[in-house]
Amino acid sequence: MPNSAAQQLTASDNGTSPQEPRHGRAIYAYQRPGPPRRHELFTEDGTGGLWTTDTGAPIVISGKAKLAEHAVWSLKCFPDWEWYNVKVFETDDPNHFWVECDGHGKILFPGYPEGYYENHFLHSFELEDGKVKRNREFMNVFQQLRALGIPVPQIKREGIPT
Numbered sequence: 317m318p319n320s321a322a323q324q325l326t327a328s329d330n331g332t333s334p335q336e337p338r339h340g341r342a343i344y345a346y347q348r349p350g351p352p353r354r355h356e357l358f359t360e361d362g363t364g365g366l367w368t369t370d371t372g373a374p375i376v377i378s379g380k381a382k383l384a385e386h387a388v389w390s391l392k393c394f395p396d397w398e399w400y401n402v403k404v405f406e407t408d409d410p411n412h413f414w415v416e417c418d419g420h421g422k423i424l425f426p427g428y429p430e431g432y433y434e435n436h437f438l439h440s441f442e443l444e445d446g447k448v449k450r451n452r453e454f455m456n457v458f459q460q461l462r463a464l465g466i467p468v469p470q471i472k473r474e475g476i477p478t
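Numbered per the numbering used here, the sequence shown finishes at 478, counting up by one with no gaps.
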């Protein structure tokens, strides 16, 4: 898809897709399963985190050492996690990309029963010299609450034409 704004990442992609656009391997490698290694894709002072939380404030992990700790935690909490339907979107800025994808797998948060978690995600990647400087993840927090067995309140939206 050389003239397309979106690149489809498939399960067979190993970070060396012939369709890799300007961002090189970092974004493709980020979506691949495996041992904790995502922190190696970041700059030394890189940040990553979740921008949609139950508190309304983002959870930001700063620096390679903390990102490495987060990778270990993440594999404990999401041991069989899989990203799929991954699409990479280029922007006018050669160092900023968006990824839209789905993900699913077990969720094992301490204090909650084991659950199955599935959600739709948007990821913003800002790069510096081919490494991730900042990654922001956006998702529907209600889906995570449901997966943990936490009751989700219903919002009455009367009058919305559907």
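Note that the Cβ used here is the ideal one computed from N, Cα and C, for glycine as well.
7 Å Cβ cutoff met for residue i and residue j
{"i": "glycine 362", "j": "valine 448", "result": "yes"}
{"i": "serine 440", "j": "tryptophan 414", "result": "yes"}
{"i": "glutamate 444", "j": "threonine 359", "result": "yes"}
{"i": "threonine 371", "j": "methionine 455", "result": "no"}
Own chain partners of residue i with C-beta closer than 6 Å, once the 5 adjacent residues on each side are dropped
{"i": "alanine 322", "result": "With a pLDDT of only 49 at alanine 322, under 50, the local geometry of the prediction cannot be trusted, and the value read off the model is given with reservation. Contacts found: Lys403 and Phe405."}
{"i": "alanine 463", "result": "Ile423, Gly431 and Tyr433"}
{"i": "cysteine 417", "result": "Trp399, Asn401, Val402 and Phe437"}
{"i": "proline 374", "result": "Gly365 and Trp367"}
{"i": "tyrosine 275", "result": "Missing from the structure shown is residue 275; the chain here goes from 317 to 478 and no further."}
Cβ shell of residue i (< 7 Å), same chain only, five flanking positions each side left out
{"i": "cysteine 393", "result": "Ile423, Leu424 and Phe425"}
{"i": "glutamate 442", "result": "Asn411, His412, Lys449 and Arg450"}
{"i": "asparagine 319", "result": "Note that asparagine 319 scores a pLDDT of 39, beneath 50, so its modelled location is shaky and nothing firm can be said."}
Close beta carbons around residue i, own chain, < 8 Å, minus the five adjacent residues each side
{"i": "glutamine 460", "result": "Ile423, Tyr433 and Asn435"}
{"i": "tryptophan 389", "result": "none"}
{"i": "proline 395", "result": "Gly421, Lys422 and Leu424"}
{"i": "histidine 386", "result": "His355, Gly364 and Ile377"}
{"i": "threonine 407", "result": "Phe413 and Trp414"}
Status (buried if at least 16 other CB within 10 Å, exposed otherwise) for residue i
{"i": "arginine 353", "result": "exposed"}
{"i": "glycine 364", "result": "buried"}
{"i": "glycine 475", "result": "exposed"}
{"i": "leucine 383", "result": "buried"}
{"i": "glycine 446", "result": "exposed"}
{"i": "glycine 419", "result": "buried"}
Extent of the continuous alpha helix (DSSP H) run through residue i
{"i": "arginine 450", "result": "No alpha helix (DSSP H) holds arginine 450; the beta strand (DSSP E) holding it covers 447 to 455."}
{"i": "glutamate 385", "result": "380 to 393"}
Terminal residues of the beta strand (DSSP E) in which residue i lies
{"i": "valine 415", "result": "412 to 423"}
{"i": "glycine 465", "result": "That residue, glycine 465, is in no beta strand (DSSP E); it is neither H nor E in DSSP."}
Is the region 460 to 467 touching the region 376 to 394 in the sense that three or more CB pairs, one from each, lie closer than 8 Å?
no
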